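Just so we're aligned, residue 10 is where the sequence shown starts under our numbering, counting upward by one.
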Amino acid sequence: MNTRTDFIGNMVAEDFRTAAIFKRHGIDFCCKGGRTIEEACSNKKLAPEKIYEELEALPKNEGSAIDFNSWPLDLLADYIEKTHHRYVEEKTPVLQAFLDKLCKVHGDRHPELFEINAIFNESAHDLAAHMKKEELILFPFVRNMVKARISGEALLQPPFGTVENPVNMMQHEHTVEGERFRKIAEITDEYLPPADACNTYKVAFAMLQDFENDLHKHIHLENNILFPKAIRLEKEFAVESKN
Numbered sequence: 010m011n012t013r014t015d016f017i018g019n020m021v022a023e024d025f026r027t028a029a030i031f032k033r034h035g036i037d038f039c040c041k042g043g044r045t046i047e048e049a050c051s052n053k054k055l056a057p058e059k060i061y062e063e064l065e066a067l068p069k070n071e072g073s074a075i076d077f078n079s080w081p082l083d084l085l086a087d088y089i090e091k092t093h094h095r096y097v098e099e100k101t102p103v104l105q106a107f108l109d110k111l112c113k114v115h116g117d118r119h120p121e122l123f124e125i126n127a128i129f130n131e132s133a134h135d136l137a138a139h140m141k142k143e144e145l146i147l148f149p150f151v152r153n154m155v156k157a158r159i160s161g162e163a164l165l166q167p168p169f170g171t172v173e174n175p176v177n178m179m180q181h182e183h184t185v186e187g188e189r190f191r192k193i194a195e196i197t198d199e200y201l202p203p204a205d206a207c208n209t210y211k212v213a214f215a216m217l218q219d220f221e222n223d224l225h226k227h228i229h230l231e232n233n234i235l236f237p238k239a240i241r242l243e244k245e246f247a248v249e250s251k252n
C-alpha cells in the first residue's frame with residue numbers, strides 16, 4: 010500500500026482498518042474512493058501529512074481482519090446480500106417506527122426531526138429498489154461469470170449489454186445515498202442527541218449512526234472490490250472470445 014499514490018478505495022480494500030482513519034477526517038472512502046489522499050485533502054483543506062502518518066502508524070495486519078479482496082466474486086456477492094442487504098431490510102422498519110414516534114412526541118421542540126424522517130424514508134424507499142436490482146440483475150450475472158470461468162463455458166450475453174451499465178447505475182445510486190446520510194449526520198450534529206432526549210431519541214440516533222456505518226462498508230465492498238473485479242472479469246471473457 011503506497012499512501013502517497015494509491016486511491017483511497019484501494020487502500021481500504023487492502024486493509025479495512027484504514028476506513029476508521031478516513032472517516033475520522035471526514036473523507037469519503039466508499040462513494041468517492043477513486044481519489045488519492047492528496048486530492049481528497051485538497052477538497053477539504055486538510056493536511057495530507059497528518060493522514061499519511063496515521064496510516065503508516067497502523068500496526069502490521071496480523072490477518073485477523075477479513076480479507077474481502079481475496080474472496081471469489083460469487084462469495085462476495087452472497088456476503089453482501091446476506092449481511093448488508095439483510096441488515097437494511099431488518100433495521101429500516103424499526104428506524105421508521107422510531108422516527109415517526111419522535112416526530113409526534115418531540116417534533117414541536119425539534120422540527121429538524123421531520124426533515125430527518127423525510128430523508129430516511131426516501132433512502133429506505135430507494136435502497137429497497139436498489140437492492141432488488143442487484144439481487145435480480147447484477148449479482149446473478151456476476152455469479153454466472155464465475156460459474157463460466159470455473160466450467161470453461163462461454164459467457165452468455167446479458168440483456169443489459171455490459172456489466173458496466175448496471176454498475177454505473179448502482180454507483181450513481183450509492184452516491185445519492187451517501188449524500189443523504191451526510192445530510193442526516195449534519196442535521197443531527199453527527200448523531201448527538203439533544204439534552205432533553207428520551208431513551209427512544211438516543212436509541213434512534215445510535216441506530217441511524219450504525220445504519221450509516223453499515224452502509225459505508227456495504228458501498229465500499231461493492232464500489233471498491235466487487236464492481237471493478239466484475240468489470241475486469243467480463244473484459245477477460247471478451248478478450249478470450251476474440252482469440
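From the three backbone atoms N, C-alpha and C, an ideal C-beta is built for every residue, glycine too. On a predicted model such as this, the values are computed, not experimentally measured, just so you know.
- An exposed status is given to D76, since fewer than 16 other beta-carbon atoms sit within 10 Å of its beta-carbon.
- D24 and N222 have their alpha carbons spaced roughly 16 Å apart.
- Check the Cα spacing between L230 and each of R33, N52, R44 and H94: the tightest is with H94.
- In this structure, E47 sits near P57, with a CB-CB distance shorter than 8 Å.
- Within the model, the alpha-carbon separation for S79 versus I234 is close to 9 Å.
- With contacts defined by Cβ atoms closer than 8 Å, L104 and M216 form a contacting pair.
- Counting C-beta atoms within 10 angstroms of its own C-beta, C207 has fewer than 16 neighbours from the protein chains shown and is therefore classed as exposed.
- Its Cα nearest to that of M179, the residue C40 stands out among A133, C40 and I125.
- With contact defined as three or more Cβ pairs closer than 8 Å, the region 166–175 and the region 106–125 are not in contact.
- In this structure, the alpha-carbon of L136 lies about 19 Å from that of F214.
- One thing to note: V151 has its Cβ no nearer than 8 Å to the Cβ of A28.
- According to the DSSP assignment, E144 belongs to no alpha helix (DSSP H), since it is labelled neither H nor E.
- Taking 8 Å as the cut-off, the Cβ atoms of G35 and G18 do not count as close.
- Taking all protein chains shown into account, N232 has 16 or more neighbouring C-beta atoms within 10 Å of its C-beta and is therefore buried.
- Assigned with DSSP and collapsed to three states, N19 falls in helix.
- Within the region 24–64, no run of beta strand (DSSP E) at least 3 residues long lies entirely inside it.
- Taking E249 as reference, the option from P175, V185, D83 and A157 with the minimal CA-CA separation is A157.
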